[in-house]
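Chemist: First to last, the sequence lines map onto chains D and L.
Residue numbering for the first sequence follows the numbering used here, starting at 1 and increasing by one per position.
Residue numbering for the second sequence follows the numbering used here, starting at 114 and increasing by one per position.
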Amino acid sequence: NAGVTQTPKFRILKIGQSMTLQCAQDMNHNYMYWYRQDPGMGLKLIYYSVGAGITDKGEVPNGYNVSRSTTEDFPLRLELAAPSQTSVYFCASSYGAASEKLFFGSGTQLSVL
Amino acid sequence: DQQVKQNSPSLSVQEGRISILNCDYTNSMFDYFLWYKKYPAEGPTFLISISSIKDKNEDGRFTVFLNKSAKHLSLHIVPSQPGDSAVYFCAASATDGGATNKLIFGTGTLLAVQP
Chain D
1 NAGVTQTPKF RILKIGQSMT LQCAQDMNHN YMYWYRQDPG MGLKLIYYSV
51 GAGITDKGEV PNGYNVSRST TEDFPLRLEL AAPSQTSVYF CASSYGAASE
101 KLFFGSGTQL SVL
Chain L
114 DQQVKQNSPS LSVQEGRISI LNCDYTNSMF DYFLWYKKYP AEGPTFLISI
164 SSIKDKNEDG RFTVFLNKSA KHLSLHIVPS QPGDSAVYFC AASATDGGAT
214 NKLIFGTGTL LAVQP
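#1: How do the segment 131–148 of chain L and the segment 170–187 of chain L stand: do at least 3 beta-carbon pairs fall below 8 Å, yes or no?
#2: Using a C-beta to C-beta distance shorter than 7 Å, which residues of chain D count as neighbours of G156 of chain L?
#3: Hey, how far is the Cα of S29 of chain D from the Cα of A52 of chain D?
#4: So L224 of chain L and V126 of chain L are in contact, right, with Cβ under 8 Å, and what is the actual spacing, rounded?
#5: Could you name the residues of the segment 214–227 of chain L whose beta carbon sits closer than 7 Å to any beta carbon of chain D, in the order they occur along the chain?
#6: If I measure Cβ to Cβ from A97 of chain D and keep anything under 7 Å in the same chain, skipping five residues before and after, which residues do I get?
#7: Take T208 of chain L as the anchor and find which of L:P157, L:Y145, L:D168, L:K151 has the nearest alpha-carbon.
#8: Under 9 Å, CB to CB, which of the residues in the segment 23–47 of chain D have a partner in chain L?
#9: Against F159 of chain L, what residues of chain D qualify as contacts under a CB-to-CB distance less than 8 Å, listed in chain order?
#10: For Q119 of chain L, which of helix, strand or coil comes out of DSSP?
#11: Could you give the DSSP three-state label for D38 of chain D: helix, strand or coil?
#12: Are G58 of chain D and T220 of chain L close, meaning C-beta to C-beta below 8 Å?
#13: Quick check on the burial criterion: 16 or more other C-beta atoms within 10 angstroms. Buried or exposed for I217 of chain L?
#14: Within 10 angstroms of the Cβ of V191 of chain L, are there 16 or more other Cβ atoms? Answer buried if so, exposed if not.
#15: What does G58 of chain D touch in chain L if you count any residue whose Cβ is under 8 Å from its own?
#16: Hey, out of D:T55, D:D56, D:L76, whose CA is closest to Y64 of chain D's CA?
#17: With DSSP as the reference, label G51 of chain D as helix, strand or coil.
#18: According to a CB-to-CB cut-off of less than 9 Å, which residues of the segment 168–193 of chain L neighbour chain D?
#19: Name the two residues that bound the continuous beta strand (DSSP E) containing K151 of chain L.
#20: F90 of chain D and F74 of chain D - do their beta-carbons sit closer together than 8 Å?
#21: So the beta strand (DSSP E) T226 of chain L belongs to, where does it begin and stop?
#22: In chain order, what are the residue ranges of uninterrupted beta strand (DSSP E) at least 3 long that sit wholly in the segment 66–106 of chain D?
#23: Pop quiz: K101 of chain D and S162 of chain L are said to be a contact at Cβ under 8 Å. What is the actual Cβ separation, rounded to whole angstroms?
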């Protein structure tokens with residue numbers, strides 16, 4: 001049982017490059033989320049989705065884009081990478097709203113140099 | 114503006130003793146609270162939750178207490194075990210028209226349980 005799968009686990013980008021962080025879940029969850037965690041900080045919500053075709057901004061959406069074409073997949077796109085986007089990124093899913101427990105992936109460590 | 118605060122970055126406890134992790138919040142609209150546990154190089158995992166209609170919820174060695182008037186919750190772990198050593202995140206959400214989609218997390222407390 002895979003749960004929430006994130007790829008890649010590690011990535012180094014140069015300033016201005018673009019990349020997509022992949023996230024897939026096999027639990028048929030409606031809700032999916034992207035969080036980032038900076039050192040010494042809590043998890044900040046970037047974007048979330050309540051179902052295929054529906055996405056909305058979280059606390060820190062600037063510099064990111066998302067799409068949700070299927071229930072299973074929720075990729076996060078960085079268009080012009082900046083050093084401020086150096087962080088650990090976590091994808092999560094839940095069957096219902098955030099008041100239900102979230103299932104997290106193992107994270108993507110991203111460095112922008 | 115940090116709506117969920119964990120003022121203790123770290124806590125060290127002897128094995129077998131009680132661990133108490135604290136969390137304060139500022140948003141009076143929060144009505145659901147959760148604790149997550151995170152090991153290095155892994156994603157957070159759900160530990161225990163509590164609704165604002167309760168003041169206590171217990172699950173085995175873990176108990177969460179909620180004091181709404183003080184906007185404070187705490188996680189008690191009794192007895193503490195070395196495997197409990199991890200970062201613990203407090204999180205809160207506000208029901209909005211019957212649905213809530215955003216969890217706000219605290220900064221985490223690193224618990225070290227000494228054998």
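Glycine included, C-beta positions come from ideal geometry on N, C-alpha and C.
Modeler: The answer reads as follows:
#1: yes
#2: Correct list: F90, F104, G105, S106, G107.
#3: This sequence places His at residue 29 of chain D; Ser is not what is there. One C-alpha to the other measures close to 10 Å.
#4: 7 Å
#5: N214, K215, L216, F218, G219, T220, G221
#6: Y31
#7: L:Y145
#8: Y31, Y33, Y35, Q37, G40, M41, G42, L43, K44, L45
#9: K101, L102, F103
#10: coil
#11: coil
#12: no
#13: Answer is buried; the Cβ neighbour count reaches 16.
#14: V191 of chain L sits exposed, since fewer than 16 C-beta atoms from the chains shown fall within 10 Å of its C-beta.
#15: Correct list: K215.
#16: D:L76
#17: strand
#18: none
#19: 145–151
#20: no
#21: Checking the sequence shown, residue 226 of chain L turns out to be Val, not Thr. It spans 222–227 - the beta strand (DSSP E) in which V226 of chain L sits, taken as one unbroken run.
#22: Whole beta strand (DSSP E) segments, 3+ residues: 76–78, 87–94.
#23: 7 Å
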